[in-house]
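Numbering (the working numbering), first residue to last: 40 to 535.
Structural data, given as structure tokens:
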């Protein structure tokens, strides 16, 4: 055994140590976007993140940490996203079989008939808001109903980027206000308040932000009134195409019903998605035999051909060549393989964030900000900067939610602010802004499942922009801030 004097000396990181990985991230990702444009997410940004991980690891080694400690931090990061990995793969499989079985074509068929282009954006936001509130998952909502709504948008010749923004706005509203949401539960648990107390406090930023978004989406839709004639013609063409390829029946929506029931009954998300995908594949073999036979490359459908079609759709997605470009573009998607670039992105981003956290580089940047935040408004702005900054550099909404609640909990108590103020602020600034960052796990997920690059839908995530803005504004105005009867003794909390 080594003598205690032989152990390496661990040095606290300097400001330069903390800044170098972030500057490397900014330069490498900026360079990737400049050189490759929207294709940067197909590998260049992932490579940049791996290089940033190496830079952070070298700084940790310079400060006396062992390579074993670096490996342990990386292993912990990957373990933390196990659930997200299986959800992503399950969503890929679900999109593939829902396209193959006729579930998404049926959603599109009915949606084109029911939804007017004039009210399409605001209706998309409301539909996703209600569903996410019911099942407690923004990812599941976007990966199922959201996919259909973006598909309908392309058929109706309305903007897919605005529709994606509306889908994400509604999905995150419902997620924030649902007692079934894991991020909502986590935010309340981190500051030790009842989840319903947290939700009631969330209401005062979430609903005004969503009303603002709904007004803007309505105005954007009203601006399309002059295109109604062309859209009506487009409806007839696409409806005939879909009805000619698939047997359109309400039975095709049973996989969606199964997914909602399992989500409400709190089945694990990955299990619910995968079971719905398999059920859709089996059901579709009876309802769409011609489509299955064609996809499997057989003249008539047998059991072997059905299994082959389902397996292929889950693995590599559904592909067809109907001769109608919009229909082919809508339905030729999905499969677990389609999520591999997204998984690569998430693994790199979360590992980088874990290294920054584990070796004190994040705290080295945040602690001076806390010291300089002399006012309540300044403190709220500092929490926003920290949470959004963590979404940028750590690439994961859970890190952006958990770390600010841990770091600022004692400071809020010291200033006489009730903990639900911090849980609301952290959710508004950490959870809600996560899909706005292309290399964040949420931004990568939304871009992958909706088929719209993050930088294109970002300006239209109106709720996700307005919610943190309102939360910070409340800090400056004092509106709807809950005060403690007296400032708490934070010595024990700080020690923890």
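For every residue, glycine included, the Cβ atom is placed at its ideal position computed from N, Cα and C. Computed from a predicted structure; not experimentally measured.
So, is residue i buried or exposed, given that buried needs 16 or more other C-beta atoms within 10 angstroms?
i: residue 233; result: exposed
i: residue 56; result: buried
i: residue 262; result: exposed
i: residue 463; result: buried
i: residue 105; result: exposed
i: residue 128; result: buried
i: residue 265; result: The predicted position of residue 265 is uncertain, since its pLDDT is 49 and thus under 50; a value taken from the coordinates is nonetheless stated next. So residue 265 counts as exposed.
i: residue 435; result: buried
i: residue 372; result: buried
i: residue 235; result: exposed
i: residue 533; result: Residue confidence for residue 533 is low, a pLDDT of 41 falling below 50, so the modelled location carries little weight and cannot support an answer.
i: residue 458; result: buried
i: residue 388; result: buried
i: residue 135; result: buried
What is the rounded straight-line gap between the Cα of residue i and the Cα of residue j?
i: residue 324; j: residue 361; result: 19 Å
i: residue 217; j: residue 101; result: 45 Å
i: residue 53; j: residue 408; result: 15 Å
i: residue 350; j: residue 193; result: 28 Å
i: residue 432; j: residue 111; result: 19 Å
i: residue 286; j: residue 149; result: 13 Å
i: residue 386; j: residue 397; result: 16 Å
i: residue 298; j: residue 174; result: 9 Å
i: residue 92; j: residue 394; result: 7 Å
i: residue 357; j: residue 490; result: 15 Å
i: residue 228; j: residue 180; result: 24 Å
i: residue 319; j: residue 185; result: 18 Å
i: residue 132; j: residue 467; result: 31 Å
i: residue 188; j: residue 295; result: 14 Å
i: residue 492; j: residue 80; result: 9 Å
i: residue 500; j: residue 202; result: 9 Å
i: residue 157; j: residue 198; result: 12 Å
i: residue 73; j: residue 377; result: 24 Å
i: residue 452; j: residue 366; result: 56 Å
i: residue 242; j: residue 213; result: 11 Å
i: residue 70; j: residue 86; result: 12 Å
Considering Cα atoms alone, identify which of the options is closest to residue i.
i: residue 447; options: 371, 379, 65 and 421; result: 421
i: residue 288; options: 50, 459, 502 and 147; result: 147
i: residue 406; options: 496, 450 and 124; result: 450
i: residue 281; options: 518, 493 and 143; result: 143
i: residue 322; options: 309, 291 and 339; result: 291
i: residue 503; options: 50, 103 and 211; result: 211
i: residue 443; options: 230, 293 and 244; result: 230
i: residue 123; options: 153, 519 and 484; result: 484
i: residue 465; options: 352, 225 and 159; result: 225
i: residue 495; options: 401, 69 and 482; result: 482
i: residue 511; options: 425, 453 and 315; result: 425
i: residue 183; options: 402, 313, 50 and 513; result: 313
Pull up the CB-CB distance for residue i and residue j, whole angstroms please, since I reckon it's below 8 Å.
i: residue 335; j: residue 347; result: 5 Å
i: residue 470; j: residue 215; result: 7 Å
i: residue 498; j: residue 486; result: With 8 Å as the limit, residue 498 and residue 486 do not qualify as a contact, their Cβ atoms being about 14 Å apart.
i: residue 340; j: residue 332; result: 4 Å
i: residue 94; j: residue 63; result: 5 Å
i: residue 160; j: residue 200; result: Contact doesn't hold; Cβ gap of about 11 Å is too wide.
i: residue 117; j: residue 390; result: 7 Å
i: residue 247; j: residue 509; result: 6 Å
i: residue 523; j: residue 456; result: 7 Å
i: residue 309; j: residue 126; result: 5 Å
Look up residue i in the DSSP assignment and give the residues it is bridged to.
i: residue 522; result: 456
i: residue 372; result: 357
Can you determine whether any heavy atom of the ligand SAH sits closer than 6 Å to the C-beta of residue i, and answer yes or no?
i: residue 184; result: Annotation note on the ligand SAH: not contained in the displayed structure, which lists no ligands.
Does residue i get closer than 7 Å to chain D when you measure Cβ to Cβ?
i: residue 341; result: Considering every chain present, this structure includes no chain D. It has just one protein chain.
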